[in-house]
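Here the protein sequences line up with chains F and C, keeping their order.
Each residue of the first sequence is one higher than the last, beginning at 16 in the numbering used here.
Each residue of the second sequence is one higher than the last, beginning at 62 in the numbering used here.
Virtual Cβ for every residue (Gly too), placed ideally from N, Cα, C.
These figures come from a predicted structure and were not determined experimentally.
Below is one structure, written out as structure tokens, with a few remarks after it.
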Amino acid sequence: MNPLNTRFLCRSMTSCGKHALEHLPLELTAVGAKKPLVVTNRSISALKGTTHLINAFKESGITVGIVDSVNSSSGIDTVKELALLYQDKGFDAIIALGGSSPANLSKVLNLALSQTHGNLKTLAGRNKINRPLNSMFYIPAGTGSGFETAGEALVETLEFSSMFLMPDKVIIDPRLMAADSVSALAAQAMASLACCVEAHYTTKDPLVRAYASTGITLVMENIKPALKPLFAGGKPGGFFSRLPYGKSGRKPGHQNELAALATAAAFSGYIWSNCPELITVRLGRTLGRFCSTLPGLLMGALLPTVIDYFAIKRSPARSDAVGRLLLPLAGVDIFCATPEGQRSDLAPALIRQLTNRLFLDSRGVVPRTLGDADISFGTLEKLLAQWSPKEDFGPGNEALRIILEHAHAGEPVKQGENHVFA
Amino acid sequence: MEGFVEIKPGGNPLKRIYLNLMLWFVGRAVQAASRVDPQVKNEFQTLPLGFTFRLGAFPNGPWMVVQKDEMGRVRYLGAKVKGRVIDLSMTLKSMDALFLLFTFQESTPVSNARGRLFVEGEVPHACAVVRILDIVQVYLLPKFVAKLAIKRYPCWSLKRQIVDRARVNVRTLIGY
Numbered sequence: 016m017n018p019l020n021t022r023f024l025c026r027s028m029t030s031c032g033k034h035a036l037e038h039l040p041l042e043l044t045a046v047g048a049k050k051p052l053v054v055t056n057r058s059i060s061a062l063k064g065t066t067h068l069i070n071a072f073k074e075s076g077i078t079v080g081i082v083d084s085v086n087s088s089s090g091i092d093t094v095k096e097l098a099l100l101y102q103d104k105g106f107d108a109i110i111a112l113g114g115s116s117p118a119n120l121s122k123v124l125n126l127a128l129s130q131t132h133g134n135l136k137t138l139a140g141r142n143k144i145n146r147p148l149n150s151m152f153y154i155p156a157g158t159g160s161g162f163e164t165a166g167e168a169l170v171e172t173l174e175f176s177s178m179f180l181m182p183d184k185v186i187i188d189p190r191l192m193a194a195d196s197v198s199a200l201a202a203q204a205m206a207s208l209a210c211c212v213e214a215h216y217t218t219k220d221p222l223v224r225a226y227a228s229t230g231i232t233l234v235m236e237n238i239k240p241a242l243k244p245l246f247a248g249g250k251p252g253g254f255f256s257r258l259p260y261g262k263s264g265r266k267p268g269h270q271n272e273l274a275a276l277a278t279a280a281a282f283s284g285y286i287w288s289n290c291p292e293l294i295t296v297r298l299g300r301t302l303g304r305f306c307s308t309l310p311g312l313l314m315g316a317l318l319p320t321v322i323d324y325f326a327i328k329r330s331p332a333r334s335d336a337v338g339r340l341l342l343p344l345a346g347v348d349i350f351c352a353t354p355e356g357q358r359s360d361l362a363p364a365l366i367r368q369l370t371n372r373l374f375l376d377s378r379g380v381v382p383r384t385l386g387d388a389d390i391s392f393g394t395l396e397k398l399l400a401q402w403s404p405k406e407d408f409g410p411g412n413e414a415l416r417i418i419l420e421h422a423h424a425g426e427p428v429k430q431g432e433n434h435v436f437a
Numbered sequence: 062m063e064g065f066v067e068i069k070p071g072g073n074p075l076k077r078i079y080l081n082l083m084l085w086f087v088g089r090a091v092q093a094a095s096r097v098d099p100q101v102k103n104e105f106q107t108l109p110l111g112f113t114f115r116l117g118a119f120p121n122g123p124w125m126v127v128q129k130d131e132m133g134r135v136r137y138l139g140a141k142v143k144g145r146v147i148d149l150s151m152t153l154k155s156m157d158a159l160f161l162l163f164t165f166q167e168s169t170p171v172s173n174a175r176g177r178l179f180v181e182g183e184v185p186h187a188c189a190v191v192r193i194l195d196i197v198q199v200y201l202l203p204k205f206v207a208k209l210a211i212k213r214y215p216c217w218s219l220k221r222q223i224v225d226r227a228r229v230n231v232r233t234l235i236g237y
């Protein structure tokens with residue numbers, strides 16, 4: 016590995032932990048902002064996310080504007096309305112509070128306000144933005160898609176992609192963490208895991224590997240404890256289970272695990288911005304357009320098969336790269352206890368074991384395979400037909416066919432198999 | 062626009078009163094300890110004459126200003142920072158961070174490790190001031206609270222534990 020031949024850019028400063036939100040006034044002052052506009056949605060307001068934010072501004076003398084009417088259906092018209100409001104009221108920074116909808120809209124709003132030449136439609140696409148934008152902060156609250164910190168934004172049909180879209184500061188505070196559904200939280204965690212795992216074994220960039228390794232460890236250590244209260248929520252309980260824990264399944268001590276998953280999601284956003292060719296993420300997103308299952312869950316179902324396909328040639332370099340995954344996935348004890356030749360088999364097996372466990376605990380909400388997600392072979396054929404040659408990867412579309420077929424059945428890809436599409 | 066509100070978050074008077082009181086007390090205790098405790102005296106001897114430092118929260122305080130004057134005497138100058146030349150500023154990033162520190166939920170090293178503290182001035186001077194504040198907190202607080210506030214509780218002689226502690230506390234109260 017020669018680190019001189021690598022390139023990694025992360026424009027965001029990440030600040031996470033207890034009372035991290037209270038540093039916000041200082042961080043805003045550091046970028047010269049005096050009047051921020053907070054873009055959020057009603058569910059975050061209902062969970063007192065905005066109350067925590069306002070409390071953080073006490074004694075700072077900073078006036079805050081809050082818009083909480085943003086949702087997944089907000090489009091370019093909302094961006095235009097927000098831009099007018101921003102300019103009329105004299106705001107000078109944007110804070111996105113919440114999941115993917117506020118993050119996407121804030122990025123496009125920032126683009127509309129910062130880019131003086133050209134309109135939004137001409138700036139849509141890859142790397143059309145050529146200079147830094149205004150200050151934008153992102154504060155995760157609730158659950159997201161796992162890619163809110165990435166240099167990309169999607170509003171209506173317009174897709175923007177540029178490193179300049181990454182937020183300047185990402186502040187993760189456990190008090191803002193909440194999860195009300197197994198599927199949303201599991202999708203966020205599995206999307207982070209898929210992104211970090213694939214980046215870890217496909218790239219030789221030591222910086223990407225450092226972020227990926229941390230992201231994998233955070234997900235593996237926290238996914239089960241974070242989801243556990245949500246699994247238990249469905250079961251009839253005793254006296255203590257009926258005590259008021261707060262809204263939306265939030266329970267004491269649950270927030271730290273959720274904050275750890277949010278940190279992993281922030282890291283996966285940084286990695287995705289630097290490694291846009293990750294197959295699992297691209298396939299999961301594309302498949303997500305054809306079915307109602309969240310893309311993150313599909314990425315989790317696809318991940319072991321994609322790893323298998325990568326390692327199928329059994330070249331020493333590839334086996335070594337997949338084997339090295341075992342260290343962040345299972346920890347140093349299991350890594351050292353496993354012989355070198357077995358590591359590349361154990362790594363995807365551990366991910367399969369995790370998805371199988373989650374499938375059982377969530378009573379089928381988290382899919383183990385594409386078949387569990389009710390994706391038909393017809394849908395897979397449709398995906399294959401739409402996958403343009405431009406987006407082709409590796410040895411050709413035959414690779415995609417093999418991956419989808421095996422991920423649908425949940426069977427490992429083995430060397431020397433006759434891969435015929437069912 | 063629908064769902065838009067503009068809010069000017071107010072203050073937190075109770076926290077401010079508590080912190081003002083704590084800083085006032087600690088400031089006077091630094092002055093008292095500099096006249097009683099040999100270790101604090103030594104630490105102040107390493108600092109230049111006319112050296113002024115402040116401890117407080119960003120952006121509007123509360124603050125505590127302490128000066129070693131031209132005669133080498135240490136004086137607590139109060140909470141006002143305007144118009145003073147400050148050689149060393151130890152600022153907590155928010156009043157909440159200062160509150161965590163002075164309610165002993167976090168020690169100074171932990172607060173620093175969590176990125177809540179920033180220093181403007183010479184690092185050796187800041188280290189000396191932190192050592193002075195640690196000693197002062199041991200004088201002022203009962204052992205079980207002081208253990209939360211500092212990194213390691215010191216092993217002092219009986220004279221220092223009883224006689225010097227009493228002298229520091231009396232001098233702090235009378236402001237001498």
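Beta-carbon proximity of S111 of chain F to I187 of chain F, cut-off 8 Å: At residue 111 of chain F the sequence reads Ala, which differs from the Ser that was named. The criterion of a C-beta distance shorter than 8 Å is not satisfied by A111 of chain F and I187 of chain F.
Listed by chain order, chain C residues near P291 of chain F by CB distance under 7 Å: Those do not exist, as P291 of chain F stays about 31 Å from chain C at its closest Cβ, beyond 7 Å.
Contact under 8 Å by Cβ, V223 of chain F with C290 of chain F: The criterion of a C-beta distance shorter than 8 Å is satisfied by V223 of chain F and C290 of chain F.
Beta-bridge partners of P189 of chain F, as assigned by DSSP: DSSP, once it has assigned bridges, lists no residue as partnering P189 of chain F.
Under 9 Å by beta carbon: chain C residues contacting P117 of chain F: Proximity of chain C to P117 of chain F at the Cβ level (cut-off 9 Å) is not reached, the minimal Cβ distance being about 12 Å.
Interface flag, G133 of chain C vs chain F, CB-CB below 8 Å: False, the Cβ-Cβ gap to chain F never drops below 8 Å.
Cross-chain neighbours of L161 of chain C in chain F, by beta carbon under 8 Å: The answer, in chain order, is H34.
Proximal chain F residues relative to E104 of chain C, where beta-carbon distance stays under 9 Å: Per Cβ cutoff of 9 Å: no residues; E104 of chain C is ~29 Å from chain F at best.
Exposed unless 16 or more other CB atoms sit within 10 angstroms - verdict on A352 of chain F: Label assigned to A352 of chain F: exposed.
For M110 of chain F, three-class secondary structure by DSSP: Residue identity check: residue 110 of chain F is Ile in the sequence provided, not Met. Looking at I110 of chain F - three-state DSSP - the assignment turns out to be strand.
Cβ-Cβ separation, D98 of chain C to V206 of chain C (assumed contact under 8 Å), whole Å: That belief does not hold up - the Cβ atoms of V206 of chain C and D98 of chain C are roughly 19 Å apart, past 8 Å.
Inter-residue spacing [alpha-carbon to alpha-carbon] between I211 of chain C and D225 of chain C: Linking I211 of chain C to D225 of chain C through their CA atoms gives a straight-line distance of about 19 Å.
4 or more residues per run - each alpha helix (DSSP H) lying fully within the stretch 282-353 of chain F: Qualifying alpha helix (DSSP H) stretches, in chain order: 294-303, 310-326, 331-338, 341-345 and 347-352.
Residues, ordered as in the chain, of the stretch 63-84 of chain C that lie near chain F by beta-carbon distance below 7 Å: Listed by position, the residues of the stretch 63-84 of chain C near chain F (Cβ gap below 7 Å) are E63, G64, F65, V66, E67, I68, K69, P70, G71, G72 and N73.
Local conformation of G139 of chain C per DSSP, three classes: Residue state, collapsed to three classes: strand.
Local Cβ density within 10 Å of E247 of chain C, reported as buried at 16 or more and exposed below that: Outside the modelled stretch of chain C, which goes from 62 to 237, sits residue 247 of chain C, for which no answer is possible.
Close beta carbons around T384 of chain F, own chain, < 8 Å, minus the five adjacent residues each side: Close CB contacts of T384 of chain F within its chain, under the 8 Å cut and outside five residues either way in sequence, are with A316, A422, H423, A424 and G425 (chain order).
Beta carbon of I1 of chain F nearer than 8 Å to that of V428 of chain F: Lying before the first or after the last residue shown, residue 1 of chain F is absent from chain F, which here runs from 16 to 437.
Assigned exposure category for A332 of chain F - 16 Cβ within 10 Å defines buried: For A332 of chain F, the number of other beta carbons within 10 angstroms of its own is below 16, and it is reported as exposed.
Closer than 8 Å to chain F by CB, P120 of chain C: So, interface residue.
Exposure label - G122 of chain C; buried when at least 16 CB within 10 Å: Label assigned to G122 of chain C: buried.
Spatial distance of A165 of chain F from M192 of chain F (CA atoms): Between A165 of chain F and M192 of chain F, the C-alpha separation is close to 20 Å.
Reference S88 of chain F; option with closest CA among F:G311, F:V170, F:A71 and F:R26: Taking only the C-alpha atoms, the option nearest S88 of chain F is F:V170.
Cross-chain neighbours of D83 of chain F in chain C, by beta carbon under 7 Å: Contact note: D83 of chain F reaches chain C through G64, using a C-beta cutoff of 7 Å and chain order.
Euclidean distance between Cα positions of I366 of chain F and L318 of chain F: Taking the straight line joining both Cα atoms gives about 8 Å.
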